[in-house]
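See structure below.
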Amino acid sequence: MSVLEKVRPEPPVTGQREPRVTDENGRRVRVGELVWRYLLLLAVLALTVGPFLWQLSTSLKGPTEDIYSSPPSFLPARPTLHNYTRVADTIPVWDYGLNSLKVATASVVTNCVGSALAGYALARLRFRGRRATTLVFVLAMLVPVEGIVIAQFTTMRELGLNNTLVGVVLPGAVGAMNVLLMRGAFRSLPYEIEEAAYVDGATVWQRFLRIALPSVKGTLAVVAIFAFMGAWDDFLWPLIVLSDPSKFTLTIGLNYLHGTFANDERLVAAGTVIAVAPLIALFACLQRYFFRGVGEGAVKG
Amino acid sequence: MPMSRRALAAAVVALVLPLSACGSGGDDGGSTDASGKVEGDITFQTWNLRANFKSYFDGLVADFEKKYPGTHVKWIDQPAEGYADKLSADAAAGTLPDVVNVSPDLVAPLAKAGLALDLDKSAGKYRSEYLDGAWAGHQVPGMSGTYAFPWYLNTGPLFYDKALFDKAGLDAAKPPKTYDELFADALQMARKSDGKVATLANVPTIEDFGRYGVTLMNKQGTAFAFNDAKGVELLTRYKELYDAKALDPQALTATPESSGRKFLTGAVAMNPGSALDLDNFKKNAPSLYKNIGITDQITSTGHVNMYVMGVMVNSRTKHTPAAVAFAHFVTDAQNQMSFAKKVAIFPSTAGSLDDPYFTEQDGTDETRVRVAAAKSLKSAVNYTPVLFSEQMKTALRNEVAKALQGKESPKKALDNAVGAADRLLQQD
Amino acid sequence: MATPVRPGRPPQIRIRRQLPLSPWLFAAPGLLVVGAFVLYPFVSTLVNSFTDRRTLLPGHFVGLANFRELLHDDMFWTGLRNSTLYILGVVPALVVLPLLLALLVRKDIPGITFFRSAFYTPVVASIVVVGLIWVWLLDERGLVNSLLESIGIGRIGFLSDQWLLLLSAMAVTVWKGLGYYMIIYLAALANVPRELHEAAAVDGAGPVRRFLSVTVPAVRSTMVLVAALSSVNAFKVFSEVYLMAGPTGGPAGEDTTLVMLVQRTGTGLTGRVGYASALSVVVFVVTVALMLLVLRADRREDA
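Protein chains in written order, with the working numbering: chain R, 1136 to 1436; chain Y, 107 to 534; chain S, 508 to 810.
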């Protein structure tokens, strides 16, 4: 656990009773400061995570429990998974979850590959039209998506990819934002490393694969998380492009719940928990790489 | 390989040209002749019915395939939200299913774009099987022809909370029967509860104007007319209710779900609904269910409002005979009847409503609601004008809200709404 | 080759051992996807903005008629007002609060990685889920109002008043964005030399003075970046307001934002694709202008 890592081993006994907590530079943090820091952290924690916990609590409340009571009861009196069973009875949650997983995984792969390649070209390779190409990606980032959905669908139809999971993935397969993130990451690498490889006769491809790419793993994790989130969360596009219910993704499936059981907050809550939990789990697993990626300046443009 | 500016421009033009050519209403594929052999693969799309009626539709499809060997029906269902978006994307791209569940306001633009088969021509022989009013439900003003088979109808009573009526000193055994009584009771309810309990939770919609006796459109169907004296009167009375908090203060942002919830939790005393809701009350608000009162929809015209669902045949289908046969099969008397027994809706086929199932009481609330609704359906009207689009609904809703907030006079608000709706109508 | 190079800048030498095509090969997948599914549809939007095209009916060239109509459309001005208000409401909060939060989670005290991750959770959750959660929290009978009532303030109609709705939506945007921008600031703070702070502390500067005279100048260009990103996103706001105020945009449509208007006029079977495209073009032009404005400010900082 990271909590333990940060606690420095106890110094040789010198009689001092200062807390053993230190900051990133190894200096001690005073107790008073520590107390108010934790108080603030807990307050922000309540604000950011509290709403999710409330949703979880609502989803665990049984049909007889009043969910509108005042003052509110934060914990379910008799927790039950009944609402989750009902969600699974109404829609094939597992099939839809699997479809979402396929789409999200594919999107992670295409985004990592596509934006690493393009980002590298924009950051490191010299060619005429590089500025224009960069501008293309910047402009693409600024286009309001809501206005172009039908035109996107027409294109997909012309390609014969409507009503396929490939069609769901393609428009977001290489996000302009991700390309720019990777460009930023490659740009912030010192040039000298690659120069040495260049002198040794390495080709572009070798330089990219063996030297540049391993140094931006963190940013790649950031891109992966963004891609996964984007694909997992998307609603309008899968709805438009898919017709066949067996291919639906989880967000469309959950929309059935909203349409069918709009009056039952417990059920809607269970649905949202199902939608959010995998993302939180994924993030918890990748957060180490993620924060490292951030340290590399991934998000500095 | 730098791309020159001219090459870029050429590429852009090449990309754009095919686009501007598509989306035209050319009459490719499909025939209107439904007399051939019933065979081939067709797709049938419903609207938010999978969650509750999967087994019914699976059975329906199996029966059809058995009756017509050589056919294969693929049933797909779309969620409630975004249905119009889904239809329009499919229609624009030419991927509309062969047989589609529609409502009259959805069928109108599809018919205008030449995408809905004219059933007077292709299936006129079935016409006598349906109630006259229901068959006419999918005709589009300004066009000749009928563009969908009528499917299920729905109407429902007005539910009220007897406990809240008692508390406000109103006679729970005598719910309001006319608009005058309704508005008087609502004002008293608000007064006695200090504005805590509203009687109505929704702002008036186009159907409310219709039921109040307002003329919605001119006779030719070329312009809207709900800004007449009668319309202004209704809106003025709603404004009184709103000011007195007899119309829920949150009505301006209410959705059917949110107002249903308010009724469940006793914040609102009356709510329109259908037999479907009784089950919901029983499950989610047992204490309300004990006090539930049921009364007829209030109307000044003698005709209650009904909603009509239809089944449309795509004019571009490759298997016209099979598509027409299936659309008819879904909506024939027998299948509508068995669907009606599964869920609280009503068949649109002639004579079905005289079935004992819709006429005989058995003492339960469900049956009472069903029998009363079936009776009222015989004279019910679908007040929603077929040409009243989503954008027009929004315009009306927003103008009504302005009037209720006192930002505009009721007259001015309705004038604006009619003006906006007429402008949108003329662009069609 | 001996020329010292600054990190992040191409060296003065030209790397010759690369095929002339390879940069294009590298960029091809990205360019193809972005070109086919973002730029091409957008170009067609641009073309449509000069037509009266409807969802199912082909359009005719109408010149600038759509843009002229915009000027007389009350809803357009409402949308423009709300989208602009959104920038004013959200951007200052998203520039300042995440910076304070970054300072709070910066020190490596026990459990800090947990807090950092937890603060990022709202960013991870989908906006639809976030919308559902907050609608449920701010409901007249939801948690927030239950709490307000039990401490004697009484219930507040967060979701029924025009301005409270807009404010609530802004609060959700800020809530969801806090973690995201916190991360950006954390990265920037890592580059602030520690000595600066220490020197200031030795000079006897208090925490507030140190914040204003050391931290802020050091992360100034990051603040500009955050301002740019958040203002572009604020101007294009759709989901938060759509989910909280409803598809018609709150009471009398007064909470409609520009992108909501694009969606409302352009979609559905009766959508006015031409007019909605003209609206999209306006949104696009304003966002590009915003971006340029902020980037110019940034360049001046650099110089």
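Ideal Cβ placement from N, Cα and C applies to all residues, glycine included.
Note that the structure is predicted; figures quoted are calculated from it, not measured.
Nearest residue (CA-CA) to residue i, options the options
i, options, result
"R/Leu-1315", "R/Leu-1277, R/Tyr-1173 and R/Leu-1344", "R/Leu-1277"
"R/Leu-1252", "R/Gly-1232, R/Ala-1320 and R/Thr-1289", "R/Ala-1320"
"R/Phe-1288", "R/Val-1280, R/Glu-1281 and R/Asn-1297", "R/Asn-1297"
"R/Ile-1283", "S/Ile-619, S/Thr-777 and S/Ala-785", "S/Ala-785"
"Y/Thr-177", "Y/Asp-349, Y/Gly-248 and Y/Ile-148", "Y/Ile-148"
"S/Val-612", "S/Ala-697, S/Ala-678, S/Ser-720 and S/Leu-564", "S/Ala-697"
"Y/Trp-241", "Y/Arg-233, Y/Asp-224 and Y/Ala-195", "Y/Arg-233"
"S/Gly-661", "Y/Ala-329, Y/Phe-432, Y/Asp-196 and Y/Lys-302", "Y/Lys-302"
"S/Ala-734", "S/Leu-800, S/Ser-720 and S/Trp-670", "S/Leu-800"
"Y/Arg-476", "Y/Ala-199, Y/Asn-397, Y/Gly-337 and Y/Ser-380", "Y/Ser-380"
"Y/Ala-219", "S/Val-795, S/Tyr-782, S/Val-793 and S/Thr-777", "S/Thr-777"
"S/Leu-563", "Y/Ala-352, Y/Glu-145 and Y/Ala-197", "Y/Ala-197"
"S/Pro-605", "S/Thr-763, S/Phe-791, S/Leu-732 and S/Phe-745", "S/Leu-732"
"R/Phe-1363", "R/Pro-1214, R/Val-1351, R/Pro-1186 and R/Pro-1413", "R/Pro-1413"
"S/Leu-685", "S/Asp-615, S/Leu-587, S/Thr-794 and S/Ala-632", "S/Ala-632"
"Y/Ala-373", "Y/Gly-248, Y/Ala-296 and Y/Ile-451", "Y/Ala-296"
"R/Tyr-1437", "R/Met-1312, R/Arg-1342, R/Pro-1380 and R/Asn-1313", "No information on residue 1437 of chain R is available, as it lies outside the stretch 1136 to 1436 that chain R covers here."
Burial state of residue i, where buried means 16 or more other Cβ atoms lie within 10 Å
i, result
"Y/Leu-114", "Unreliable placement is indicated for Y/Leu-114, whose pLDDT of 40 sits below 50; the coordinate value is still reported in the next sentence. Answer is exposed; the Cβ neighbour count stays below 16."
"R/Val-1301", "exposed"
"R/Pro-1146", "Because the pLDDT of R/Pro-1146 is 43, which lies under 50, any placement of that residue in the model is unreliable, and the number read from its coordinates should be weighed accordingly. Looking at its Cβ environment, which holds fewer than 16 other Cβ atoms inside 10 Å, R/Pro-1146 is exposed."
"S/Ser-657", "exposed"
"Y/Arg-422", "buried"
"S/Leu-561", "Looking at the sequence itself, residue 561 of chain S is Arg, so the reference to Leu does not match. With 16 or more other Cβ atoms within 10 Å, it is buried."
"S/Asn-589", "buried"
"S/Arg-803", "exposed"
"Y/Leu-123", "With a pLDDT of 36 at Y/Leu-123, under the threshold of 50, the modelled position of that residue is not reliable, and the figure given next carries that caveat. Exposed is the call here."
"S/His-579", "exposed"
"S/Ser-737", "buried"
"S/Ser-653", "buried"
"R/Trp-1340", "exposed"
"S/Leu-577", "buried"
"R/Cys-1420", "exposed"
"Y/Asp-204", "buried"
"Y/Ala-120", "For Y/Ala-120, the predicted model reports a pLDDT of 38, less than 50, meaning its position is unreliable; a value from the coordinates is still stated below. Exposed: under 16 other Cβ atoms inside 10 Å."
"Y/Asp-134", "With a pLDDT of 44 at Y/Asp-134, under the threshold of 50, the modelled position of this residue cannot be trusted; read the value that follows with caution. Y/Asp-134 is exposed by the Cβ-count criterion."
According to DSSP, residues forming a beta bridge with residue i
i, result
"Y/Asn-420", "Y/Ala-222"
"Y/Asp-183", "Y/Thr-152"
"S/Val-792", "According to DSSP, S/Val-792 bridges with nothing at all."
"Y/Leu-259", "Y/Val-414 and Y/Phe-452"
"Y/Ile-398", "Y/Asp-267"
"Y/His-178", "Y/Asp-147"
Under 8 Å by beta carbon: chain Y residues contacting residue i
i, result
"R/Thr-1225", "Ala-157"
"R/Phe-1272", "Those within 8 Å of R/Phe-1272 in chain Y number zero; the least Cβ separation is about 15 Å."
Check: residue i C-beta below 7 Å from any heavy atom of the ligand MN
i, result
"S/Phe-574", "No copy of the ligand MN occurs in the structure displayed, which carries no ligand at all."
Within chain S, the residues that residue i reaches when beta carbons sit closer than 9 Å
i, result
"R/Pro-1349", "Within chain S, no residue comes near R/Pro-1349; the closest Cβ sits about 17 Å away, beyond 9 Å."
Contacts of residue i in chain S (Cβ-Cβ under 7 Å)
i, result
"R/Gln-1287", "Phe-544 and Pro-548"
Within chain R, partners of residue i - CB distance below 7 Å
i, result
"S/Leu-639", "Val-1403 and Thr-1407"
Chain-ordered chain R contacts of residue i [CB-CB under 9 Å]
i, result
"S/Phe-745", "Pro-1279, Val-1280 and Glu-1281"
"S/Arg-623", "Gln-1422 and Phe-1426"
"Y/Lys-389", "Pro-1198 and Asp-1399"
Amino acids of chain R, ordered along the chain, whose beta-carbon sits closer than 8 Å to that of residue i
i, result
"S/Ile-634", "Asp-1368"
Amino acids of chain S, ordered along the chain, whose beta-carbon sits closer than 8 Å to that of residue i
i, result
"Y/Lys-508", "Ala-759"
"R/Arg-1172", "Leu-611, Lys-614 and Ile-616"
"R/Gly-1249", "Pro-536, Gly-537 and Val-540"
Closer than 7 Å at the beta carbon, the chain Y residues around residue i
i, result
"S/Gly-778", "Ser-194"
"R/Asp-1335", "Within chain Y, no residue comes near R/Asp-1335; the closest Cβ sits about 28 Å away, beyond 7 Å."
Self-check item: Runs of alpha helix (DSSP H) lying entirely within the segment 581-655 of chain S, each at least 4 residues, in chain order
Solution: 581-613, 619-631 and 634-645
Practice problem: Pick out the complete beta strand (DSSP E) segments inside the segment 400-473 of chain Y, 3 residues or longer, and give them in chain order. | Solution: 413-419
Practice problem: Give, in chain order, every unbroken run of the beta strand (DSSP E) that is at least 3 residues long and sits entirely within the segment 1234-1312 of chain R. | Solution: none
Quiz item: Could you give the uninterrupted runs of the alpha helix (DSSP H) lying entirely in the segment 517-578 of chain S, keeping only those of 4 residues or more?
Solution: 529-541, 547-555 and 572-578
Quiz item: Which runs of the alpha helix (DSSP H) spanning at least 4 residues fall entirely within the segment 283-327 of chain Y, listed in chain order?
Solution: 285-298 and 312-318
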